[in-house]
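> Can you keep this structure in mind? I'll have questions shortly.
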Amino acid sequence: EAGVVQSPRYKIIEKKQPVAFWCNPISGHNTLYWYRQNLGQGPELLIRYENEEAVDDSQLPKDRFSAERLKGVDSTLKIQPAELGDSAVYLCASSLVAGGGTDTQYFGPGTRLTVL
Amino acid sequence: AQKITQTQPGMFVQEKEAVTLDCTYDTSDPSYGLFWYKQPSSGEMIFLIYQGSYDQQNATEGRYSLNFQKARKSANLVISASQLGDSAMYFCAMRLYSSASKIIFGSGTRLSIRP
């Protein structure tokens, strides 16, 4: 079974430029998560989708970040415009069920963003 | 406030020895799950083990076991017979099964195994 797929793996851009990350979850997983992981820290949840619906986007900086999950499968996270402080690894994860029980999240390899 | 605390930023252990990675948590939610993940230098987060707040027995998965002490709000990871490939960052995480269903990660512990 294929795991969570993310692209690109690495991205280097100049500040004020836009950038987009793509994630394809494990087949059949209805819940999808985007995390940001700063160097030396644990992941911080940006947004969680259940199917097409964003059910938790409280930590998403909405002035510059946006996300979509059309058709409830793959998802795109966008930053526009990027700032120096956005340099981080962006992780996507998916799980089979949301809430209760062993709703284990499976992570993709991440996208390492460097903003110059 | 909901919080995960990992007090050991780094640990060195001799190969084949057992190691315990500490994790304490803070929540008033009665229903929650605790997870441990391993993150090698390649960057991918690898799920290791899960413990539910209502589970009576400590979880085990191969060489991994979770020492769950609910009254103390601790969920330490025990790795038996450590191997060189165990060198990585280890993160403890908590999921709250309230209506908010918040997910919180600790700051991690870097484990280095000495040959």
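Protein chains in written order, with the numbering used here: chain R, 124 to 239; chain Y, 289 to 403.
Think of the CB as a built atom: it goes at the ideal place given N, C-alpha and C, for glycine as much as any other residue.
(1) Residues of chain Y with a CB under 7 angstroms from the CB of R:F144: which are they?
(2) Answer yes or no: does any C-beta atom of chain Y fall closer than 8 angstroms to that of R:Q164?
(3) Could you tell me the alpha carbon to alpha carbon distance between Y:F393 and Y:F323, rounded to whole angstroms?
(4) Can you list the residues of chain Y that R:Y229 reaches, using a CB-CB cut of under 7 angstroms?
(5) For the stretch 338 to 370 of chain Y, enumerate the residues whose C-beta is nearer than 7 angstroms to any C-beta of chain R, in chain order.
(6) Could you give the first and the last residue of the continuous beta strand (DSSP E) run that contains R:E167?
(7) Is Y:E303 closer than 8 angstroms to Y:L372 when the C-beta atoms are compared?
(8) Name the DSSP bridge partner or partners of Y:Q357?
(9) Closest to Y:D343 by CA distance: which of Y:F356, Y:C380, Y:G350, Y:I292 is it?
(10) By DSSP, does R:K194 sit in helix, in strand, or in coil?
(11) By DSSP, does R:L236 sit in helix, in strand, or in coil?
(12) Comparing the C-beta of R:P148 with each C-beta of chain Y, is any distance below 8 angstroms?
(13) Could you tell me whether the stretch 134 to 152 of chain R touches the stretch 305 to 321 of chain Y, where touching means 3 or more Cβ pairs closer than 8 angstroms?
(14) So, is the C-beta of R:P131 closer than 8 angstroms to a C-beta in chain Y?
(15) Could you tell me the alpha carbon to alpha carbon distance between R:S218 and R:E173, rounded to whole angstroms?
(16) If you measure from the beta carbon of Y:F379 to each beta carbon in chain R, is any gap under 8 angstroms?
(17) Does the separation of the CB atoms of R:D186 and R:I170 fall below 8 angstroms?
(18) Under the assumption that Y:Y338 contacts Y:G350 (Cβ atoms under 8 angstroms), give the Cβ distance between them as a whole number of angstroms.
(19) Say whether chain R places a C-beta atom closer than 8 angstroms to the C-beta of Y:F300.
(20) Between the alpha carbons of R:V196 and Y:S386, how many angstroms are there, rounded?
(21) Closest Cβ-Cβ distance between Y:R402 and chain R: below 8 angstroms?
(22) Whose C-alpha, out of R:Q164, R:V238, R:T199, R:K139, is nearest the C-alpha of Y:F379?
With the given structure in hand:
(1) Residues of chain Y with a Cβ closer than 7 angstroms to the Cβ of R:F144 do not exist; the shortest Cβ-Cβ separation is about 14 angstroms.
(2) For R:Q164, the closest Cβ of chain Y is nearer than 8 angstroms.
(3) Annotation: Y:F393 to Y:F323 spans about 9 angstroms, alpha carbon to alpha carbon.
(4) Correct list: F335.
(5) For the stretch 338 to 370 of chain Y, which is checked against every Cβ of chain R, the residues closer than 7 angstroms are Y338.
(6) That run of the beta strand (DSSP E) goes 167 to 173.
(7) Contact flag set, yes.
(8) The secondary-structure analysis by DSSP pairs Y:Q357 across a beta bridge with Y:S362.
(9) Out of Y:F356, Y:C380, Y:G350, Y:I292, Y:F356 has the C-alpha closest to the C-alpha of Y:D343.
(10) In the structure shown, R:K194 sits in a helix (DSSP, three-state: H, G or I).
(11) Strand at R:L236.
(12) Interface annotation, R:P148: not in contact with chain Y, CB-CB separation never under 8 angstroms.
(13) Cβ pair count under 8 angstroms is below three, so no.
(14) The beta carbon of R:P131 does not come within 8 angstroms of any beta carbon belonging to chain Y, so the residue lies off that interface.
(15) A direct Cα-to-Cα measurement between R:S218 and R:E173 gives close to 10 angstroms.
(16) Taking a beta-carbon distance threshold of 8 angstroms, Y:F379 counts as an interface residue toward chain R.
(17) Not closer than 8 angstroms, so no.
(18) Contact flag wrong, Cβ pair sits at about 13 angstroms.
(19) Taking Cβ atoms only, chain R never reaches closer than 8 angstroms to Y:F300, which makes this a no.
(20) About 25 angstroms.
(21) It does not: the Cβ of Y:R402 has no partner Cβ on chain R nearer than 8 angstroms.
(22) Each of R:Q164, R:V238, R:T199, R:K139 was checked against the Cα of Y:F379, and the nearest Cα belongs to R:Q164.
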